[in-house]
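Structure, as structure tokens:
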Amino acid sequence: MDLPDSAPQTPSILRPILPFLACGLLLAGCTGEEGQTPGQRANATVTSPSETGSSNADAQNVGSAAATSSVETGPEVTSSGPSFSSPAEDSDLVEIRRAEGPGVPSLPDSSASDPTQCDDSWGEETNGSVTWYTFDQGTIDQGDIHCSYGIQLNPDRVEKITTGAGQYFAAINTSDYDASASCGACVEITRVETGASVVATVVDECPIDSNPKCVKGHIDLSKAAFLELGEEVEGYLGQRAGRDTIEWKFVPCAPAEPVSLRLKEPDNAYWNEVVVEQSQYPVALLEVKVGDQWRTATRGAYNYFRPPNGEMGTAPYQVKETDMNGTVIETELTLSAGRQSTGEQFDCQE
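The sequence shown begins at 1385 in the working numbering and counts up one residue at a time.
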């Protein structure tokens, strides 16, 4: 599926009207029936004999939208979704986006760079449900996930996450996805009756518009993560499925490396967006310094932060990231491809 161009190389005189000329919003449908056309996401939930009288696959699964643009060479493939634009986002007076969903609680009233108190968990769900999926069921073009993280196949793996060595990941329902605020958050899922549990990283959205299972509280797990909770043929767990109780909560991740940033268009000096990866706690705010003024970036549904009009200032760029606890990391970002380490992590200060 062809995507709109995100931002051409544009002279400064045209920058004020750039978003209206160059940016578009595309959230592709993710679910299809048998015989679906290329570019549609497959739905294939594995069901148990007790559910259907056989162990045949039914309809399942996770949703993503088409994504383009590799930013690293070699086996790792990273992706970026289409640009997001609106007059409100492009105003110089952008309102700080403080997500109210369970993935990212509101920032503290007074953000501090050395927080003394951090939550061990948040956003608990006591009536959850889980299914499982694999990338070959519809995650096409290596990178077709809403959070714009790179993926690898055989085995299914998301780059730069540590849960299950990259193999324990999740597509969370639209409500709890919260317009990408939950991207990169870790979630601990427990099957109450057996005590089995697993921690997975949110990397995608399970869209209610195309998958009726993706109600609030539902999580579509990677197959490897699901197998920590039950058997493959069970396929669908939770009270809604009539099979045990699933509870889950968000927990801090355990990244192996410092927080990293990646530019969406590493060869564009006139317009850009930034994605944050490998954070211990969810990112709540990103700011870019243009001249002597810090400007708040707006987070798009594909998890990229875009400053007003896409203007980053003059490279090297000054970028400031704030996590849900108010911890601040300020770093310098060059106009270059690939992940750039901040050298720091969102550690909770005891």
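Where is the CB? At the ideal position from N, CA and C, for every residue including glycine.
Taken through DSSP and simplified to helix, strand or coil, Lys1597 comes out as coil. Take the alpha-carbon of Gly1727 and the one of Pro1642: they are about 5 Å apart. For Asp1560, the enclosing alpha helix (DSSP H) starts and ends at Thr1558 to Tyr1561. DSSP places Gly1614 in the coil class of the three-state scheme, outside both helix and strand. The alpha-carbon of Arg1627 is positioned some 12 Å away from that of Glu1615.
In summary, Glu1508 is exposed, with fewer than 16 beta-carbon neighbours lying within 10 Å of its beta-carbon over all protein chains present. Cβ contact annotation for Gln1551 (same chain, cutoff 7 Å, sequence separation greater than five): Pro1539, Asp1540, Arg1541, Ser1606 and Ala1608, in chain order. Residue pairing by DSSP puts Val1583 in a beta bridge opposite Glu1572.
Arg1575 has its alpha-carbon roughly 49 Å from the corresponding atom of Tyr1654.
Collapsing the DSSP output to three states places Ala1721 in coil. Taking every protein chain shown into account, the CB of Val1617 has fewer than 16 other CB atoms within 10 angstroms, so this residue is exposed. Residues of the same chain with a CB within less than 8 Å of the CB of Asp1504, apart from the 5 flanking positions on each side, are Val1635 and Pro1636 in chain order.
Residue state for Gly1548 is assigned as helix, using DSSP reduced to three classes. By the Cβ rule, the region 1560 to 1578 does not count as touching the region 1515 to 1525, because fewer than three pairs are nearer than 8 Å.
DSSP places Gln1623 within a helical segment (H, G or I) once states are collapsed to three. Contact between Ile1592 and Asn1557 is confirmed by a C-beta separation of about 6 Å, below the 8 Å threshold. Of all C-beta pairs linking the region 1670 to 1677 to the region 1689 to 1704, three or more are shorter than 8 Å, placing the two stretches in contact. In this structure, the alpha-carbon of Gln1536 lies about 14 Å from that of Gly1548.
Note on Ala1625: 16 or more other CB atoms within 10 angstroms of its CB, so buried under the neighbour-count rule.
Distance from the CA of Arg1683 to the CA of Leu1670, rounded to the nearest whole angstrom, comes to 8 Å. Residue pairing for Ser1505: DSSP places it in no beta bridge. The shortest CA-to-CA distance from Ser1663 to any of Val1514, Cys1732, Thr1698 and Tyr1686 is the one to Cys1732. Closest option to Gln1623, judged by alpha-carbon separation, among Val1583, Ser1513 and Glu1589: Ser1513. Leu1719 and Glu1612 have their C-alpha atoms spaced approximately 41 Å apart. In this structure, DSSP gives Ser1564 a helical state, which the three-state scheme calls helix.
Per DSSP, the continuous beta strand (DSSP E) segment holding Glu1661 begins and ends at Val1658 to Glu1661. Comparing C-alpha distances from Glu1716 to each of Gly1710, Asn1595, Gly1697 and Asp1707 shows the shortest one belongs to Gly1697.
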